[in-house]
Every structure is written in structure tokens, then in C-alpha cells.
Amino acid sequence: MKTDTQLQRDIIEELRWEPGINEREIGVAVKDGVVTLTGNVPSYGEKYVAETMVEGIKGVKALANELAVKLPGSSVRTDTEIAHQVVDALKWDVNVPDEKIKARVAGAWVTLEGDVEWAFQKDSAFRAVRFLTGVRGVTNAIKIVPAFVSSLDVTEKIKDALRRRAEREAERIQVSTRDHVVTLSGTVPTFSERRAAEAAAWAAPGVTEVKDDLVVMT
6 MKTDTQLQRD IIEELRWEPG INEREIGVAV KDGVVTLTGN VPSYGEKYVA
56 ETMVEGIKGV KALANELAVK LPGSSVRTDT EIAHQVVDAL KWDVNVPDEK
106 IKARVAGAWV TLEGDVEWAF QKDSAFRAVR FLTGVRGVTN AIKIVPAFVS
156 SLDVTEKIKD ALRRRAEREA ERIQVSTRDH VVTLSGTVPT FSERRAAEAA
206 AWAAPGVTEV KDDLVVMT
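Using the numbering used here, the first residue of the sequence shown is number 6, and each one after it goes up by one.
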């Protein structure tokens, strides 16, 4: 089991390894496996990359991303310019039903709204806009409104997906489904495995919400 000092060192080295991140602008604090990132980054995309990198490091139990996006002058865009970028990005992504999604931009912050049938469509919309120039943040308020699927079928599909990922880890995770809401409980060895289990649950048809009660046991 890593000490907080060892985990902090690993995170700093991982951030240093990523050429798209200036790790000298990012502060890393660790207490009892809970990581807090502070400082300024020049884009929302960099903030997101830093978050996903840290989540994948063994020993991380939870993450508070308090990085602030401070756009350099060359990246500043008006809300109207950003809105046009968002419309084009959603239209170009084949996984996004752009006709079902509306975007609002205020203060360079993008809010996505609308109804889709699948979680991957909601995720694809977020991926399409998160790296756009001038964006300070993204709120993904898209709702999943699925066709009817039985709770038993959803539960079995999620369990099958977890087994495909890792039989050993799947045995430690309990899955229950009620009214399109999935609850995951049990233990996983890393924070990234916890995220992977969440992703497997969201990928099942008919899921509108995932309650993650998994505990990271490093």
C-alpha cells in the first residue's frame, strides 16, 4: 500500500510524462489516498486530461479537481464563436444525434441539453466539445431516455461486460437494477477499475443512472 508521499510522487511523475501538460503549474496534495489538484491550466482539455491521468494511477481513492482554466489571449473566443464551434463539432461526430441536442454557451462555459437513448451518445457529445478552443468548462445535462428494457436483462448484460474485462474483479462487484437505475457495490483494487465498472454499467441498454457504491481497496 502506497503512502501519501509515494502517491504524490507518482502523480507528479505521471503528469510530467504527458507532453500536453505543464506539471509545474499544477499542485498535487494527497491525504489518505484522496488527491486534490490545484493551480491554473490554459484549457479545459488540459484540465480533463490531468483528471483522467490521475484517476488511472494505482492508490488513488478519490479525486478533487480544483484546477482553474485561465485562457491565454490567443485562445479567447466570444460565446457566439464557441457556440458555432459546438454546433459544428456535434454535427461532425457520427455517434452524436445532433438534432436531439441543444447547446448553451455563457461565459465560455458550454451546457449540453436534450434527450438521447444511449449513454455512449451522451458521452460522445461531451467528447466532441471538451477540447474546443476557448471553452472553460462543459456541463453535460443530456438525459438518457431509453426504450423499455427489463431490469434482469440489464443486470445480466452488465455482469457479462464486467466478466469480459476481468473475471477476478467481476466477482467482487455486485450489480442491482431497478427502474433503469443501476447500483454497483463491492470492492475494486484501483480508482481506474472503479471507473471501468461505471463505464460497463453505462454501456448497458436502458440505463439512466449509475449509483457507484464501490470501495477502492488498494
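Just so you know, even glycine gets a beta-carbon here, dropped at the ideal spot from N, CA and C.
Predicted model, so just to flag it, every value in this text is computed and none were measured.
Less than 6 Å between C-beta atoms, sequence neighbours within five positions excluded: which residues of the same chain meet that for residue i?
{"i": "Val159", "result": "Thr182, Ala209 and Gly211"}
{"i": "Gly119", "result": "Lys105, Ile106, Lys107 and Ile147"}
{"i": "Glu122", "result": "Pro151"}
{"i": "Asp15", "result": "Ile62"}
{"i": "Val110", "result": "Asp84, Ile87 and Ala88"}
{"i": "Lys216", "result": "Thr188"}
Assuming residue i contacts residue j under a Cβ cut-off of 8 Å, what Cβ separation, rounded to an integer in Å, is found between them?
{"i": "Thr195", "j": "Val221", "result": "7 Å"}
{"i": "Asn145", "j": "Phe136", "result": "About 14 Å separates the two Cβ atoms, so there is no contact after all."}
{"i": "Lys164", "j": "Val140", "result": "The Cβ separation is near 37 Å, so there is no contact."}
{"i": "Gly64", "j": "Gly32", "result": "With a Cβ gap of about 18 Å, Gly64 and Gly32 do not count as contacting."}
{"i": "Ala55", "j": "Leu20", "result": "6 Å"}
{"i": "Ser197", "j": "Thr138", "result": "Going by Cβ atoms, the distance from Ser197 to Thr138 rounds to 29 Å, so no, they are not a contact pair."}
Would residue i be called buried (16 or more neighbouring beta carbons within 10 Å of its own) or exposed?
{"i": "Gly25", "result": "exposed"}
{"i": "Ser155", "result": "exposed"}
{"i": "Leu95", "result": "buried"}
{"i": "Glu175", "result": "What sits at residue 175 in the sequence shown is Ala, not Glu. Per the 10 Å Cβ criterion, buried."}
{"i": "Trp22", "result": "exposed"}
{"i": "Val59", "result": "buried"}
{"i": "Lys162", "result": "buried"}
{"i": "Arg170", "result": "exposed"}
{"i": "Ala205", "result": "buried"}
The alpha helix (DSSP H) spanning residue i covers which residue range?
{"i": "Lys216", "result": "From DSSP, Lys216 is part of no alpha helix (DSSP H) but of the beta strand (DSSP E) over Glu214 to Val221."}
{"i": "Thr8", "result": "Unbroken run through Thr8: none, as it is neither H nor E."}
{"i": "Val150", "result": "Careful: Val150 lies outside any alpha helix (DSSP H) and carries neither H nor E."}
Helix, strand or coil for residue i per DSSP?
{"i": "Ile87", "result": "helix"}
{"i": "Ser155", "result": "coil"}
{"i": "Val99", "result": "coil"}
{"i": "Trp22", "result": "helix"}
{"i": "Ala205", "result": "helix"}
{"i": "Gly64", "result": "coil"}
{"i": "Arg109", "result": "strand"}
{"i": "Lys75", "result": "coil"}
{"i": "Val39", "result": "strand"}
For residue i, which residues in the same chain have their Cβ closer than 7 Å to its Cβ, ignoring the five residues on either side in sequence?
{"i": "Gly191", "result": "Arg177, Ile178, Gln179 and Leu219"}
{"i": "Val74", "result": "Val46, Ser48, Tyr49, Lys52, Arg141 and Gly142"}
{"i": "Ala133", "result": "Ala94, Leu95, Asp98 and Val101"}
{"i": "Gln126", "result": "Asn100, Val101 and Pro102"}
{"i": "Ala202", "result": "Leu167, Ile178, Leu189, Val193 and Leu219"}
Specify, as a first and last residue, the run of the beta strand (DSSP E) that residue i falls within.
{"i": "Thr182", "result": "Ile178 to Arg183"}
{"i": "Ala34", "result": "Ile31 to Lys36"}
{"i": "Ser190", "result": "Val186 to Val193"}
{"i": "Val143", "result": "Gly142 to Asn145"}
{"i": "Val134", "result": "Careful: Val134 lies outside any beta strand (DSSP E), inside the alpha helix (DSSP H) at Ala124 to Val134."}
{"i": "Val121", "result": "Trp114 to Val121"}
Sorted by chain position, which residues of the same chain lie with C-beta nearer than 8 Å to residue i's C-beta, five sequence neighbours on each side aside?
{"i": "Pro77", "result": "Pro47"}
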